[in-house]
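A.B. asks:
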Amino acid sequence: MDSREAAPATVDQPATWELCLYVAGQTTKSATALANLKRYCEAHLPDRYTLEVIDLLQHPQLAEGDQILAIPTLVRKVPEPIRKIIGDLSNEEKVLVGLDIRPRGTH
Amino acid sequence: MHEYKLAPTALPQLPKAPSGIEGLDEITEGGLPLGRPTLVCGSAGCGKTLLGIEFLVRGVIDYDEPGVLMTFEETAAELTANVASLGFDLAAMQADKKLRIDHVHVERSEIEETGEFDLEGLFIRLGYAIDSIGAKRVLLDTIEALFAGFPNEAVLRSEIRRLFRWLKDKGVTTVITAERGEGTLTRQGLEEYVSDCVILLDNRVIDQITTRRLRIVKYRGSTHGTNEYPYLITEDGISVLPVTSLKLEHTVSDEIISSGVPGLDEMFTRRGWYRGSSILITGTAGTAKTTLAASFALEACRRGERCLYFAFEESPAQLIRNMRTVGLDLQPCLDQGLLLIEASRPTLNGLERHLVTVHKLIKEFQPQAVVIDPISNLVSVGSISEVRSMLTRLIDFLKVSNITALFTALISGRDGRLEMTEEGISSLVDTWVSVRDLEGIGERNRGLSILKARGMAHSNQVREFLVTAEGVQLLDVVIGPLGIITGAGRHVQRLHEQATLTAQQQAAARKDRELERKRRVLEATIDNLRTEFESVEEELRQVHSEELARQQATDQARSSAANNLTTRLSGAGERPA
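Chains as they are written, first to last, in our numbering: chain E, 5 to 111; chain X, 1002 to 1578.
1. Classify residue 1130(X) as buried or exposed, calling it buried when 16 or more other Cβ atoms lie within 10 Å of its own Cβ.
2. Pop quiz: residue 1457(X) and residue 1270(X) are said to be a contact at Cβ under 8 Å. What is the actual Cβ separation, rounded to whole angstroms?
3. Within 8 Å, do at least three Cβ pairs link the region 1313-1328 of chain X to the region 1271-1283 of chain X?
4. Can a CB atom of chain X be found closer than 7 Å to the CB of residue 73(E)?
5. Is it true that the CB of residue 1034(X) sits closer than 7 Å to the CB of residue 1203(X)?
6. Output the distance between the C-alpha atoms of residue 1580(X) and residue 1498(X), rounded to the nearest integer angstrom.
7. Any Cβ of chain X within less than 7 Å of the Cβ of residue 64(E)?
8. When the Cα of residue 1352(X) is compared with those of 1376(X), 1512(X), 1515(X), which residue comes out closest?
9. What three-state label does DSSP hand residue 1260(X) in the structure shown?
10. From the DSSP output, which residues share a beta bridge with residue 1230(X)?
11. Report yes or no: is there a C-beta of chain E within less than 7 Å of the C-beta of residue 1170(X)?
12. Measure from the C-beta of residue 1101(X) to each C-beta in chain B and report whether the shortest distance is under 7 Å.
13. With a cut-off of 8 Å, do at least 3 Cβ pairs link the region 1453-1467 of chain X to the region 1508-1515 of chain X?
14. Among 1064(X), 1518(X), 1434(X), which has the Cα closest to the Cα of residue 1174(X)?
15. Could you give the distance in angstroms between the alpha-carbon of residue 1406(X) and the alpha-carbon of residue 1325(X)?
16. Restricting to Cα atoms, I'd like to know which of 20(E), 25(E), 45(E) is closest to residue 74(E).
17. Less than 8 Å between the CB atoms is what I'm expecting for residue 1155(X) and residue 1040(X), so what's the real figure, rounded?
18. Would you identify the three-state DSSP class for residue 103(E), choosing helix, strand or coil?
19. Excluding the 5 residues flanking residue 1388(X) on each side, which residues of the same chain have their C-beta closer than 7 Å to its C-beta?
20. For residue 99(E), count the other beta carbons within 10 Å of its own beta carbon; 16 or more makes it buried, fewer makes it exposed. Which is it?
21. Where do the ends of the beta strand (DSSP E) carrying residue 88(E) lie?
22. How would you call residue 1440(X), buried or exposed, if buried means at least 16 neighbouring beta carbons within 10 angstroms?
23. DSSP three-state label for residue 1497(X), please.
24. What does residue 1180(X) pair with, by DSSP beta-bridge criteria?
25. Near residue 49(E), what residues of its chain come up, given a Cβ to Cβ distance below 8 Å and the 5 sequence neighbours on each side ignored?
26. With a 10 Å radius around its C-beta and 16 neighbouring C-beta atoms as the bar for buried, classify residue 956(X) as buried or exposed.
27. Would you tell me roughly how many angstroms separate the C-alpha atoms of residue 1172(X) and residue 1074(X), rounded to the nearest one?
28. Excluding five sequence neighbours on each side, which residues of the same chain lie with their C-beta closer than 6 Å to the C-beta of residue 78(E)?
29. Just to confirm the assignment: which complete alpha helix (DSSP H) runs, minimum length 4, are found wholly within the region 1089-1158 of chain X?
30. Since residue 1321(X) and residue 1331(X) should fall inside the 8 Å C-beta cutoff, what is the C-beta to C-beta distance between them, to a whole number of angstroms?
31. Please report how far the alpha carbon of residue 1563(X) lies from the alpha carbon of residue 1538(X), in whole angstroms.
32. Under 8 Å Cβ-Cβ, which residues of chain E neighbour residue 1107(X)?
33. State yes or no: is the C-beta of residue 1169(X) within less than 7 Å of the C-beta of residue 1134(X)?
34. Given this structure, state the Cα-to-Cα distance separating residue 1080(X) from residue 1222(X), to the nearest angstrom.
35. Using 8 Å as the Cβ pair cut-off and three pairs as the minimum, do the region 1345-1365 of chain X and the region 1293-1301 of chain X touch?
36. Tell me which residues share the same chain as residue 15(E) and place their Cβ nearer than 6 Å to its Cβ, disregarding the 5 neighbours each side in the sequence.
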């Protein structure tokens, strides 16, 4: 946890988080992922995030740009660096670690 | 009533997509399975990616089939740079919307797995790339890179299975490359089972010479060549060389062409050898093999034909200089562009590359005659069996092209080891001329004989020949008491013959003189006899005339006596006389 303290991104947390969730149609996994994500964001980043949901069935050309292979994929664009989390986001702890969000209780 | 058709109807063939790769379509009997996935596997440095890219590029150029390249390892820029040296302009093809390159970057450290997922994103990307240019061909360059990027192997395996199925349904002809694994064709042991065709590339080093080989491991629904075929990565891409797929079906020429040495032509009943045949000249060192070969090349140029000369021992300049000393001036032919001398060290390349060089030059230069001097040097870069298989292919290729080919071969030693190269290739060639040293007491002479000549009768004699300032000259056969005589023996025999002739002439002259003498003696004798006869005759004549005179005298005397009596009687009564 020492290294995390030293990382500047965690010291100066940006005002807003730009998140992007790639899905492919209204599948169960996509719906689960979206519901999970919204829940975590509301809990840990209230009013400090923007969430864009991209349906690749409608915009297939966007898959190449963010190197999307797995569905669903959550991309954290801001803050840098870009992080990717795949799966239905059912594991809250892993999602928060992946997104580098500190649970509210630890502040 | 049944209606019988005698003509066999062709069985429906699996539709195939020609790869456009030289030789590969011949082995696969038409190409890769159309609309199905083909796995290309092999260890590092085999040219898997290259084969795949060439498949795409040939599709674009030759068959107007757009392609998608999905690369998991190298970026589009890297790939474009790598294949630019082969003349593949991927950037231009991308601009023409004939090719689409999608670099899939998978980084394990960037990816966190949190629950269930699938690879629908990959499918969508691939599907989008295919649909955007109407691709018919797809290359997935090392799909197993996904295993490095995603932790959940079970999901990946099922997704890759689904991908193969999906590609089939999509109807695109796909090439998937994979690294070779331990004991299995691929690392994951998965792709070979879901592919319809598996091509194994191999890269092995034997005696410090690398040979790449290709084998079709499986091909669902089709027959295919089963051997290992050598292949090369050349300046024009991959070139697979089928060893045995060529059939003996070439047409033959009945035309006779000269060997360039008049005396040698005379040894064949048809005064030369057939156009399009292959000729082997074997001999020990220094038996004028190259001179004979150059004579043939020069003769071909004199006929106005193009000749390609592969010199594996001498540089062109040296060859020209040396041949000029024996009256064979190759320079004018070079200047006219009728002769092309390609000189290189055999060890410069592996055998297969030599073969490809030969093929390429023949295609470019379109010669009617080819000389390879000598083929025996090629043994230094391969085993006898490899050289043999290479030469089989070369001779077949030349025959199919109706090119007259002359090979020289150095054979080692004088201890009956004449069969060294013969075992290798003598059965492949049509005409075999052997030149050798005929070593006598204190001298060496060159002898030439024809060991075989398919399709015509030939002399069985060993002919001595000289390399003169006017080229190779065969000497007349001199047969002595113990067979054919050469060298100094030839001179001795000639002197001996001259002496005999002189003696015979002298004897004849002596006999003539003897006869003359006898004639003179005879004539003298005849004269004598005649003189003798004349004298006898004279004597006889004299005797006869004397006799006659005496007779007359007698008669006269008698008549005068009678007159006297009458006179007396008439006095006394006239009495008739």
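The beta-carbon is built from N, C-alpha and C at its ideal position, and this holds for glycine as well.
C.D. replies: Short version:
1. So residue 1130(X) counts as buried.
2. That pair is a contact at about 5 Å.
3. No contact exists between the region 1271-1283 of chain X and the region 1313-1328 of chain X.
4. It does: the Cβ of residue 73(E) has a partner Cβ on chain X nearer than 7 Å.
5. Their beta carbons are not under 7 Å apart, which means residue 1203(X) does not touch residue 1034(X) by this criterion.
6. Chain X is shown only over 1002 to 1578; residue 1580(X) falls outside these bounds and no answer can be derived.
7. Yes, because at least one Cβ of chain X sits closer than 7 Å to the Cβ of residue 64(E).
8. Measuring from the Cα of residue 1352(X), the nearest candidate turns out to be 1376(X).
9. Residue 1260(X): coil per DSSP, three-state reduction.
10. Listed as beta-bridge partners of residue 1230(X) by DSSP are 1215(X).
11. Under the Cβ distance rule, residue 1170(X) does not count among the residues neighbouring chain E, no pair being separated by less than 7 Å.
12. Although the question refers to chain B, the structure presented lacks it and instead comprises the protein chains E and X.
13. Cβ pair count under 8 Å is below three, so no.
14. The shortest C-alpha separation from residue 1174(X) is found at 1064(X).
15. Each residue's CA atom was taken as its position, placing residue 1406(X) and residue 1325(X) some 23 Å apart.
16. When only C-alpha atoms are compared, the closest one is 25(E).
17. Contact between residue 1155(X) and residue 1040(X) fails: their C-beta atoms lie close to 21 Å from each other, not under 8 Å.
18. Residue state, collapsed to three classes: helix.
19. Excluding positions up to five away in sequence, the list reads 1352, 1379, 1380, 1425.
20. Residue environment: residue 99(E) is assigned as buried (16 or more neighbouring CB atoms within 10 Å of its CB, all protein chains considered).
21. Start and end: 87-90.
22. Exposed, by the Cβ-count rule.
23. Residue 1497(X) falls in the helix class under three-state DSSP.
24. BP columns for residue 1180(X) point to 1043(X).
25. Counting only Cβ-Cβ distances below 8 Å, and skipping sequence neighbours, we find 21, 105.
26. Here chain X has residues from 1002 to 1578 only, and residue 956(X) is not among them.
27. Taking the straight line joining both Cα atoms gives about 25 Å.
28. The beta carbon of residue 78(E) is closer than 6 Å to those of 25, 89 in its chain, skipping five residues each way along the sequence.
29. Complete alpha helix (DSSP H) runs here, min 4: 1091-1096, 1121-1134, 1146-1150.
30. With 8 Å as the limit, residue 1321(X) and residue 1331(X) qualify as a contact, their Cβ atoms being about 5 Å apart.
31. So the two alpha carbons sit approximately 37 Å from each other.
32. The contact set of residue 1107(X) on chain E, defined by CB atoms closer than 8 Å, consists of 71, 73 in chain order.
33. Cβ distance not < 7 Å, so residue 1169(X) and residue 1134(X) don't count as in contact.
34. Between residue 1080(X) and residue 1222(X), the alpha-carbon positions lie close to 33 Å from each other.
35. No: the two stretches stay apart, fewer than three of their Cβ pairs being nearer than 8 Å.
36. For residue 15(E), the predicted model reports a pLDDT of 42, less than 50, meaning its position is unreliable and no value from the coordinates is stated.
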